[in-house]
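> Here numbering that gives the first Met the number 0 is used: the first residue of the sequence shown is 0, the next is one more, and so on. C-beta: ideal position from N, C-alpha, C; glycine also. Could you have a look at this structure, given as structure tokens, before my questions?
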Amino acid sequence: MNLKKLIFTENECYKAGRKIKPKGIMVHSTGANNPYLRRYVGPDDGILGENQYNNHWNQHRPSGRQVCVHAFIGKLKNGTIATYQTLPWDHRGWHAGGDANNSHIGFEICEDNLSDVSYFNAVYKEATELCAHLCKLYDLTEKDIIGHYEGYQKKIASNHGDPRHWFSRHGKSMDTLRADVKKLLTAPTPSTTPPQKLYRVQVGAYSVKSNADAMLAKVKAAGFTDAFIKAE
């Protein structure tokens, strides 16, 4: 995961200052053909790129709307994928259009034309890694992750279909995302134990081969089965 931070301190949601205890994660997608983070995240920090229309969400009411999410996933100006945290994770966001604002961390994945397989795979992977990160932070599991459309089905979010309409085009769903997050959460932690050092002991050198054979037999009988004779 390529996680960066640019908090939307100018957004009315941030200034409201309300906090939540996160109990879940809600996945959104933007519904517009623009995969670049600079469309939503600003001002330019040097790697986002400039938004010439200045219509990013780090302002009081973006395009007159009361909207704000905790993070965006999309392209930097050089085309690489990143996640930008835009609200403190425990800040009450304006993303669900319902009661999920009081309980869920919400993030948006920047849509493109919905047909670029490589872009989709990259942002999908980034989304699973972000979800796993947040699950570890707040003691959540993959079962606590829902899409916006699932929030509507649970009557805790507005009537949106994201991200199902995009995921389904690439053979993915919220079920596959939850399964992939579970794999990340249950993956074994790499061992930090340093490799074991081995110390070799030479027990003698003999000019007569039979004497060397006799000593080798004694050493092996003592349990050193990997002992061997080396001629010099």
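1. Run through the segment 63-149 for me and flag every whole alpha helix (DSSP H) of 4 or more residues, listed as ranges in chain order.
2. Between phenylalanine 106 and histidine 69, is the Cβ-Cβ spacing less than 7 Å?
3. Which one or two residues does DSSP pair with isoleucine 155 in a beta bridge?
4. In this structure, does DSSP put tyrosine 13 in helix, strand or coil?
5. Leaving out five residues before and five after glutamate 11 in sequence, what residues of the same chain have Cβ atoms less than 7 Å from its Cβ?
6. To which residues does DSSP link leucine 2 through a beta bridge?
7. In whole angstroms, what is the alpha-carbon distance linking histidine 147 and glycine 45?
8. From Asn158, Thr188, Thr82, Cys130, pick the residue whose C-alpha is nearest to that of lysine 181; which is it?
9. Taking DSSP as the reference, what is the three-state secondary structure of histidine 59?
10. Have a look at methionine 25 and isoleucine 145 and give me their C-alpha separation to the nearest angstrom.
11. State the beta-bridge partners of isoleucine 24 as determined by DSSP.
12. Specify whether the segment 163-179 and the segment 31-49 touch according to this definition: at least 3 beta carbon pairs, one from each stretch, less than 8 Å apart.
13. CB alanine 81 to CB lysine 135, shorter than 7 Å?
So, from the listed chains and residues:
1. Taking 4 residues as the minimum length, the alpha helix (DSSP H) runs contained wholly in the segment 63-149 are 116-137, in order along the chain.
2. Your numbering for residue 106 matches position 107 in the sequence shown. Your numbering for residue 69 matches position 70 in the sequence shown. Result yes, Cβ atoms of phenylalanine 106 and histidine 69 sit closer than 7 Å.
3. As a working mapping, residue 155 is identified with position 156 in the sequence shown. Secondary-structure assignment with DSSP links isoleucine 155 through no beta bridge to anything.
4. Taking the sequence shown and counting its residues from 1, the one referred to as residue 13 is at position 14. Assigned with DSSP and collapsed to three states, tyrosine 13 falls in helix.
5. What you label residue 11 is simply residue 12 of the sequence shown in a count that begins at 1. So the list reads His59, Arg60, Gln65, once near-sequence residues are dropped.
6. Mapped onto the sequence shown, residue 2 falls at position 3. Thr82, per the DSSP bridge assignment.
7. Sequence index remark: in the sequence shown, residue 147 carries index 148 (1-based). Sequence index remark: in the sequence shown, residue 45 carries index 46 (1-based). Approximately 31 Å, taken between the alpha carbons.
8. Position 182 of the sequence shown, counting from 1, holds the residue named residue 181. Nearest option by C-alpha distance: Cys130.
9. Here residue 59 refers to the residue found at position 60 when the sequence shown is read from its first residue. Of the three classes helix, strand and coil, the one that applies to histidine 59 here is coil, per DSSP.
10. Stepping through the sequence shown from its first residue, residue 25 is reached at position 26. Stepping through the sequence shown from its first residue, residue 145 is reached at position 146. Going by the C-alpha atoms only, they are around 5 Å apart.
11. Start at 1 with the first residue of the sequence shown, and residue 24 comes out as number 25. According to DSSP, isoleucine 24 bridges with Ile104, Ile144.
12. Judged by pairs of C-beta atoms under 8 Å, the segment 163-179 does not touch the segment 31-49, as fewer than three such pairs exist.
13. For the purposes of this step, residue 81 is taken as residue 82 along the sequence shown, with counting starting at 1. For the purposes of this step, residue 135 is taken as residue 136 along the sequence shown, with counting starting at 1. For alanine 81 and lysine 135, no; Cβs fall outside 7 Å.
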